[in-house]
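Taking our numbering, the leading residue of the sequence shown gets 23, the next gets one more, and so forth.
Ideal Cβ positions, reconstructed from N, Cα and C, are used throughout, including at glycine.
Written out below as structure tokens is the structure these notes cover.
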Amino acid sequence: MSADAAFDLILRNARLAAEAAPVDIGIRQGRIAALGSLGHATAPVSVDAAGRAVLPGFVDTHVHLDKACLLGRCGHNQNNAKGGGDLSAAIRAVSELKRGFTEDDVYARGARVLEKAIVKGTTRMRTHVEIDPRIGLRSFAAIKQLKQDYAWAIDLQICAFPQEGLTNDPGTEELLVAALKDGADLLGGCPYTDSAPHEQIARLFRLARHFDVDLDFHLDFDLDPSWRHLDEVCRQTIAQGWQGRVAIGHVTKLSALPPEDFTATAKLLADSGVALTVLPATDLYLTGRNVSHNIPRGLTLAHRLVQQGVTCSIATNNVLNPFTPFGDASLLRMANFYANVAQVDPGDFTACLDMVTHLPARLMKLSDYGIAVGNPADLVVLEAVSPGDALAELAEPCMVFKAGRQTVQRDAARILRG
Ligand SMILES: [Zn+2]
23 MSADAAFDLI
33 LRNARLAAEA
43 APVDIGIRQG
53 RIAALGSLGH
63 ATAPVSVDAA
73 GRAVLPGFVD
83 THVHLDKACL
93 LGRCGHNQNN
103 AKGGGDLSAA
113 IRAVSELKRG
123 FTEDDVYARG
133 ARVLEKAIVK
143 GTTRMRTHVE
153 IDPRIGLRSF
163 AAIKQLKQDY
173 AWAIDLQICA
183 FPQEGLTNDP
193 GTEELLVAAL
203 KDGADLLGGC
213 PYTDSAPHEQ
223 IARLFRLARH
233 FDVDLDFHLD
243 FDLDPSWRHL
253 DEVCRQTIAQ
263 GWQGRVAIGH
273 VTKLSALPPE
283 DFTATAKLLA
293 DSGVALTVLP
303 ATDLYLTGRN
313 VSHNIPRGLT
323 LAHRLVQQGV
333 TCSIATNNVL
343 NPFTPFGDAS
353 LLRMANFYAN
363 VAQVDPGDFT
373 ACLDMVTHLP
383 ARLMKLSDYG
393 IAVGNPADLV
403 VLEAVSPGDA
413 LAELAEPCMV
423 FKAGRQTVQR
433 DAARILRG
């Protein structure tokens, strides 16, 4: 920063909302230092957003970097042959492949996904990493290295979790403890693969209290509303005083509830301070596999839960593996996909954007998030005139900034007329 410059960088003509005039964003030492009209202010670098939509960097609360990019390995074909492509077949396929994962392999596949996410404007991410006696701490070690090596572009939170059960998988709890002592930021759970689901939930709450960490469960991932683990998680959350520190992911069962039960469940989640993440790509790909026609969507209507006071996020989950053989790690695409499948009206498009920005930031307790003076300058400039248009048109991010430093530049496609 030169001595007479007020800022290190000014991003000019940034449109923060459809109805608002563009503003200038002055950045100093990585943080937003001023917002408004900075006409005569000086900075060594000045970038013109030219009235394009600018959002805070996207926040992905649920990504599996360790098991991404497995398409083409034998497990995926086995998945479809053995199990009809459902959830248990995907878990089985990855369980077999996992034994062969090396640290370098996990690092390379995770880096590929992180770079996709960075290009698409994600600046903060929670990644779930599988911990059990088959993989040991190899994936965890690779993810820790990725967290360090990509800190220039993205903040990674590491959630250690037992994908294949806890009480039924001896040695897993000791490994989770080792991960928590060695840099895991929080603890995940997956009661539906455990032979004693409530015991798993209880043990995870005990560990969370002991290590003073948050919890994030994979939960209720089918379409049978006759039973669920959600009530036990909410009960324990209140009993342990962990309100605001617990999230649950998938929860596709809620898509099978009639309206009055859905409303009652929303109240329970809001009252318990339990947040919910939908994972549209996986939820749609894996559920309803036993149905031949009129296939249910299997996507919980998160924007309706938000209207009732629940903190909800839309997240990526899996990329190019047996759980989801698609993926570019774009949260804007996921929000667009959600809006399409959930039949969201254009007036609520910005509410869908909230579920890939401010609400996941709240879920992850990121108190320094958003376009406001004092926060890190994590910004994405989209090729659209308003945030709602960006969602509708699946606009490309043309510039991304992490802590005030530009990390991505994408030049617009040009038509070469004949
Ligand atoms: Zn997951």
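Closest Cα partner of residue i within the set the options
i	options	result
Leu209	Ala182, Lys203 and Asp216	Ala182
Gly94	Met421, Val341 and Asp244	Val341
Thr144	Val116, Ala173 and Pro368	Ala173
Gln51	Asn358, Pro44, Gly426 and Thr149	Gly426
Pro155	Leu188, Ala133, Arg148 and Pro219	Leu188
Gln365	Leu321, Ala292, Gly122 and Val141	Leu321
Leu198	Thr215, Ile180 and Val395	Ile180
Pro44	Leu375, Val363, Gly58 and Val430	Gly58
Ala139	Ala297, Ile165, Arg34 and Gly79	Gly79
Asn279	Lys89, Thr304, Pro302 and Arg250	According to the sequence shown, residue 279 is Leu rather than Asn. Comparing Cα positions, the closest option is Arg250.
Asp191	Ser217, Lys289 and Asp204	Ser217
Asp88	Ala111, Val67 and Arg134	Arg134
Leu92	Ala65, Leu33, Gly132 and His62	Gly132
Leu252	Gly396, His232 and Val273	Val273
Ala28	Leu60, Thr64, Ile176 and Ala42	Thr64
Ala36	Thr429, Cys420, Phe284 and Lys289	Cys420
Asn397	Glu405, Gly211 and Leu388	Leu388
Pro66	Val76, Arg34 and Asp30	Asp30
Asp126	Leu159, Gln428 and Asp244	Leu159
His380	Leu202, Thr333 and Cys256	Thr333
Gly263	Phe243, Thr287 and Val296	Val296
Gln258	Asp242, Phe243 and Ala230	Ala230
Val407	Leu60, Arg53 and Val76	Val76
Ala72	Gly410, Glu405 and Leu60	Glu405
Buried versus exposed call for residue i [16 or more other C-beta atoms within 10 Å across all chains shown]
i	result
Ser294	buried
Pro382	buried
Gln222	buried
Glu152	buried
Ser161	buried
Lys104	Caution is warranted here: a pLDDT of 44 is assigned to Lys104, below 50, making its placement in the model unreliable, and no coordinate value can be reported.
Lys120	buried
Val402	buried
Thr124	exposed
Gln329	exposed
Glu196	exposed
Ile317	exposed
Glu282	exposed
Pro368	exposed
His62	exposed
Ala394	exposed
Alpha carbon of residue i to alpha carbon of residue j, nearest angstrom
i	j	result
Thr309	Ile113	14 Å
Gly48	Ala55	5 Å
Ala163	Gln170	11 Å
Leu438	Arg74	23 Å
Tyr307	Ser352	17 Å
Ile270	Phe239	5 Å
Ala40	Phe371	11 Å
Val85	Gly440	43 Å
Asp376	Met386	14 Å
Thr338	Arg148	10 Å
Glu118	Thr299	27 Å
Ile38	Ala357	Correcting the residue type first, residue 38 is Leu in the shown sequence and not Ile. Taking the straight line from one Cα to the other gives about 18 Å.
Gly392	Ala399	8 Å
Asp82	Arg146	6 Å
Asp186	Val268	A small correction: the amino acid at residue 186 is Glu; Asp does not occupy that position in the sequence shown. Between Glu186 and Val268, the C-alpha separation is close to 20 Å.
Asn312	Ile32	55 Å
Leu34	Phe359	Note that residue 34 is Arg in the sequence shown here, rather than Leu. For Arg34 and Phe359, the distance between alpha carbons rounds to 31 Å.
His315	Leu276	21 Å
Cys374	Leu301	13 Å
Gln431	Ile176	16 Å
Val141	Ser248	42 Å
Ala115	Thr215	14 Å
Gly165	Ala201	Inspection of the sequence shows that residue 165 is occupied by Ile rather than by Gly. Straight-line Cα distance between these residues: approximately 11 Å.
Asp234	His220	20 Å
Any non-hydrogen atom of ligand 3 within 7 Å of residue i CB
i	result
Pro280	As far as ligands go, the structure on display features ligand 1 and does not contain ligand 3.
Legend entry - Below 6 Å from a heavy atom of ligand 1 - residues by beta-carbon: His84, His86, His150, His240, Gly271 and Asn339
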